[in-house]
Amino acid sequence: DPNCITKKIDEVFTAINSNHDDKCEGLISIITYKGKNILYGTDLLYLDDDAWDIIKKFKFDVVFFDQTYGEGFNAGGHLDAGMIAEYVKYMKENNIIDDKSLIYGIHFSHEGNGLHNDMEELAVRNGYHIAYDGMKLEI
227 DPNCITKKID EVFTAINSNH DDKCEGLISI ITYKGKNILY GTDLLYLDDD AWDIIKKFKF
287 DVVFFDQTYG EGFNAGGHLD AGMIAEYVKY MKENNIIDDK SLIYGIHFSH EGNGLHNDME
347 ELAVRNGYHI AYDGMKLEI
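Numbered per the working numbering, the sequence shown spans residues 227 to 365.
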């Protein structure tokens with residue numbers, strides 16, 4: 227109908243099971259906006275094969291992973307620093323991210339995590355960075 231006004235939608239949200247809690251369905255999000263892909267993964271325990279099948283269809287400009295716990299310390303329901311390191315390695319090996327991708331740990335607790343500088347040092351060795359209050363990214 228020529229009288230209809232159409233609007234191009236520039237945003238697409240894809241929800242993926244985060245396996246955060248058996249009692250309720252937790253989700254992480256893939257946000258596609260103006261040709262950029264962002265993976266927002268908070269309240270994430272692990273990614274199962276179905277989740278990876280979806281994620282592998284994307285090349286990410288930005289990735290945010292839940293780093294509630296420090297490396298080797300995990301009380302459940304969230305990722306720890308070691309798990310993020312494994313995911314970053316896997317994503318690079320599968321061309322889901324590359325050297326231009328911005329990857330950040332977010333959603334911290336005091337359980338096993340140190341001060342920001344200590345966390346950043348460990349993160350950089352594993353191919354990502356640690357977010358901080360007030361941080362702004364140019365995507």
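Cβ atoms here follow ideal geometry from the backbone N, Cα and C, with glycine treated the same way. Predicted model only: the values in this text are computed from it and were never measured.
So, with DSSP's three-state summary, where would you put residue i?
{"i": "H355", "result": "strand"}
{"i": "M361", "result": "coil"}
{"i": "E251", "result": "coil"}
Can you give me the C-alpha to C-alpha distance between residue i and residue j, rounded to a whole angstrom?
{"i": "M317", "j": "L273", "result": "12 Å"}
{"i": "K362", "j": "L328", "result": "12 Å"}
{"i": "I254", "j": "G267", "result": "5 Å"}
{"i": "D359", "j": "K260", "result": "25 Å"}
{"i": "L270", "j": "D324", "result": "22 Å"}
{"i": "I242", "j": "A349", "result": "25 Å"}
Would you please state the rounded distance, in angstroms, between the beta carbons of residue i and residue j? I believe it to be under 8 Å.
{"i": "I322", "j": "I281", "result": "6 Å"}
{"i": "F286", "j": "N263", "result": "5 Å"}
{"i": "E314", "j": "G340", "result": "The question names Glu, but residue 314 is Val in the sequence shown. That pair is no contact at about 19 Å."}
* Asked: Using 8 Å as the threshold, is the stretch 289–296 in touch with the stretch 324–335, meaning 3 or more CB pairs across them?
  -> yes
* **Secondary structure, beta strand (DSSP E): runs of 3+ residues fully inside the stretch 280–336** => 288–292, 328–332
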